[in-house]
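The listed protein sequences correspond, in order, to chains A and B.
Residue 232 in the working numbering sits at position 232 of the first sequence; the count goes up by one each step and never skips.
If you count the second sequence from 1, you need to add 1000 to reach the working numbering.
Glycine included, each C-beta is placed from N, C-alpha and C at the ideal position.
2 protein chains.
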Amino acid sequence: MREVAALAKVSIKSVSRVVNREPGVSPALARRVMSAAERLDYRHNLTASSLRRSDGRSATIGVVLEDVSNPFASALHRSIEDVAVERGVLVLAGSSDEDESRERRLVRAFASRRVDGLIIQPASHDHSYLLTERRAGTAIVFVDRPPSFFDADTVLTDNAAGVRRGVKHLASHGHKRIAFLGDLHTISTAAERFRGYKDELAALRIPFDERLVRLDLHGIEKAEAATAALLALKPRPTALFTGQNLVTIGAFRALRRAGLHTKVALVGFDDILLADLLEPGITVIAQDPGAIGRTAAEVMFRRLDGDRSPSQQHIVVTKMITRGSGEIAP
Amino acid sequence: MREVAALAKVSIKSVSRVVNREPGVSPALARRVMSAAERLDYRHNLTASSLRRSDGRSATIGVVLEDVSNPFASALHRSIEDVAVERGVLVLAGSSDEDESRERRLVRAFASRRVDGLIIQPASHDHSYLLTERRAGTAIVFVDRPPSFFDADTVLTDNAAGVRRGVKHLASHGHKRIAFLGDLHTISTAAERFRGYKDELAALRIPFDERLVRLDLHGIEKAEAATAALLALKPRPTALFTGQNLVTIGAFRALRRAGLHTKVALVGFDDILLADLLEPGITVIAQDPGAIGRTAAEVMFRRLDGDRSPSQQHIVVTKMITRGSGEIAP
DNA sequence: CCTAGAAATGACAACGTTGTCAAAAGACAA
DNA sequence: TTGTCTTTTGACAACGTTGTCATTTCTAGG
């Protein structure tokens, strides 16, 4: 900047004014500065700028996801990015792998880079450590799962209601022995979905049978094995409800292997690419990651723009997509 | 930092030393500083630090991908992150959407935040604009596609060889009328794959028939329509080679709709989640995004560590996964 | 006890910007 | 022309760190 100022024969403050498009600069001076900047190919240093600015904004936000390569998480990431780019804000992303300490390490790394906001898909079960960040003015929004011991804006899918709709759908096709396969019970969405299953059974006056429940199935292989075990029961369940997309895939594999994919009904939570091309197509309760991410980003920027209203929970509804597997009669 | 220094009754330089774990600090002083930092919950400001440091490193890199939510791209992203976290480096990620100007805008935004390195999956066809960045010391690596008018380390899949293997596989099952469906011809990998198709036909002495070629199919819908048109030809192709994962999905949809999925053979480039559960399973030439991303990140950090050797092209091999669709006889 | 050398600590400038405030230049009326 | 008010420009400090170098405090040998 000093060199640009020298070449254009103006003060560095004037260069700063031109670079930041501040009003009250004569066109002649602006032109001179711009051509000097061009000639020296000057690159504005946002690091120094944010250090000096009174608001200290870095035009960068941090996003903590379970795994940036997970389809649901990367869809969140993309929709957050779309809202951010419109404001010239860049996104730092990291994967927590469901590990509390990794989540905290990521947040610390983001904080030391002075991000303006954080969007977190929580892995940990105590978010009180975020108090310091909030006190420092960082906007914090949770997605997909609620925070613990911390009050902040949250954007959630209505998990229990979605599951209830799926279970009801199975029951309406005549099923009474409906099994449930869920992800790690420590993940709050998984717990919510299990609760939805139990609630709907109760509402339908179908007795709860714990032999039909398998929890803590993290990943395709575990789900496949658990499904195989369920299918070996006598009498065996006539329908399966799977509480997460990898669990759905594992369950479908097991059904295929047992040759029962056209006999036992299946409804899964979360949509899966290609689910429509399988035989039968898989009926799912689909979340809307685009809407979740967009909402979270918008709420975050509203906070950064000075919104001081009490924190809110935003619920994004699910959609049932029927494709065949959920419409098999017992 | 000033406050911590005051509370611990030391100079700010000593606080800096403790924070950066510089040698030659007495344990007593270190302890005093740490407890003061704890009490004030001091958060180190990496922005100011990188501004002052002599190497100017920000411990942040920028990654430009086609779309962070695309499965191939997000797998790249994840493997890059894995290498970066080990070094305490964070990743800024952005989507170019195959748009040259978006790519340039992202790079500019990264540059103004003084990233240490850039990993780019190129959308543009002239990378000479990166000269300025390189001169400033930024390490630059290209992934998936080669740069144009710019010399830099590049990590690529051997696209042509992969396609040739797939086409040969089809021919070995007796196919002579093998159609090719490709993505936008402006994408260099798509062009390479098409070249592999033509080369292998020539090697096999199968005459090239341009009626069996459909290019510029970006997205599932276009691929589906193009496949339907191909299947209406008389005589129709007995096998399809699809040059990209969404094209494969579109082609499979069309085959299913026409009831030809067990009659017409299909080999696709790029693996697809669930491809093994379809009927028939889809035979693919699989890339290894994990290896590509890891290699790119390692090369980049080697450059940052001072490697000045001439830039290199790293080739990652493909793997053929046979699942049924590619083994259908004509 | 003193002294030389090593180890620990500190004072101060500088990194590249922008906020503050003052000075210079221009516009306009009398 | 002068005086007043407005617009444009500039000087300088400060943001939170770390590099440089000077100073103080230890350690060990005589």
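What would DSSP say about residue i, mapped onto helix, strand or coil?
i, result
"G1062 (chain B)", "strand"
"V1083 (chain B)", "helix"
"H1173 (chain B)", "coil"
"M1320 (chain B)", "strand"
"T132 (chain A)", "helix"
"A1179 (chain B)", "strand"
"S1325 (chain B)", "helix"
"V1155 (chain B)", "strand"
"T186 (chain A)", "coil"
"R214 (chain A)", "strand"
"L1274 (chain B)", "coil"
"H77 (chain A)", "helix"
"T1248 (chain B)", "helix"
"V19 (chain A)", "helix"
"V1283 (chain B)", "First, the amino acid is wrong: residue 1283 (chain B) is Thr here, not Val. Three-state result, T1283 (chain B): strand."
"L1092 (chain B)", "strand"
"T1227 (chain B)", "helix"
"L233 (chain A)", "coil"
"F1269 (chain B)", "strand"
"T242 (chain A)", "strand"
"I1206 (chain B)", "coil"
"V68 (chain A)", "coil"
To the nearest angstrom, how far is it from the Cα of residue i to the Cα of residue j?
i, j, result
"D1067 (chain B)", "A1139 (chain B)", "22 Å"
"A329 (chain A)", "A225 (chain A)", "24 Å"
"A1048 (chain B)", "R308 (chain A)", "29 Å"
"S1054 (chain B)", "A1093 (chain B)", "26 Å"
"V163 (chain A)", "L266 (chain A)", "12 Å"
"L1274 (chain B)", "G1024 (chain B)", "57 Å"
"A75 (chain A)", "R1211 (chain B)", "37 Å"
"G1174 (chain B)", "T248 (chain A)", "37 Å"
"G196 (chain A)", "D288 (chain A)", "19 Å"
"K13 (chain A)", "R21 (chain A)", "12 Å"
"G1268 (chain B)", "R1134 (chain B)", "37 Å"
"I119 (chain A)", "L170 (chain A)", "36 Å"
"V15 (chain A)", "A1006 (chain B)", "37 Å"
"H314 (chain A)", "E86 (chain A)", "22 Å"
"A8 (chain A)", "S26 (chain A)", "14 Å"
"A190 (chain A)", "I1285 (chain B)", "35 Å"
"V1083 (chain B)", "A1073 (chain B)", "16 Å"
"S101 (chain A)", "L233 (chain A)", "40 Å"
"A223 (chain A)", "G1326 (chain B)", "29 Å"
For the ligand ADP, is there a heavy atom less than 8 Å away from the beta-carbon of residue i?
i, result
"F1180 (chain B)", "With respect to the ligand ADP, the structure shown offers nothing to examine, as it has no ligands at all."
Can residue i and residue j be called in contact, C-beta distance under 9 Å?
i, j, result
"L156 (chain A)", "V18 (chain A)", "no"
"F180 (chain A)", "F241 (chain A)", "yes"
"G1056 (chain B)", "R1114 (chain B)", "yes"
"R236 (chain A)", "I282 (chain A)", "no"
"G1117 (chain B)", "R1253 (chain B)", "no"
"R165 (chain A)", "M320 (chain A)", "yes"
"S1172 (chain B)", "F1150 (chain B)", "no"
"R1193 (chain B)", "S69 (chain A)", "no"
"D1097 (chain B)", "Q1121 (chain B)", "no"
"D199 (chain A)", "A229 (chain A)", "no"
"P71 (chain A)", "P1071 (chain B)", "yes"
"T1238 (chain B)", "V1213 (chain B)", "no"
From this set, the options, which residue's C-alpha is nearest residue i's C-alpha?
i, options, result
"S95 (chain A)", "B:I1080, B:I1321, B:I1220", "B:I1080"
"D99 (chain A)", "A:T186, A:F150, A:P146, A:G219", "A:T186"
"G1250 (chain B)", "B:T1262, B:K1263, B:L1217", "B:L1217"
"D305 (chain A)", "A:L184, A:E221, A:G137, A:K263", "A:G137"
"V64 (chain A)", "A:F301, A:E327, A:G293, A:V85", "A:G293"
"T295 (chain A)", "A:A191, A:I206, A:A5, A:D153", "A:D153"
"A109 (chain A)", "B:V1091, B:F1110, B:H1125", "B:V1091"
"V1004 (chain B)", "B:M1034, B:S1026, B:P1027", "B:M1034"
"D1126 (chain B)", "B:S1148, B:S1050, B:A1084", "B:S1148"
"Q312 (chain A)", "A:E298, A:V213, A:S325", "A:E298"
"K1176 (chain B)", "B:L1201, B:A1160, B:D1158", "B:L1201"
"M300 (chain A)", "A:V10, A:T60, A:L29", "A:T60"
"R205 (chain A)", "A:I178, A:K222, A:S188, A:L231", "A:I178"
"I220 (chain A)", "A:A203, A:N245, A:K168, A:D270", "A:N245"
- Does the segment 251-260 of chain A touch the segment 38-47 of chain A, meaning 3 or more C-beta pairs lie closer than 8 Å? no
Could you tell me whether the segment 1278-1294 of chain B touches the segment 1105-1113 of chain B, where touching means 3 or more Cβ pairs closer than 8 Å? no
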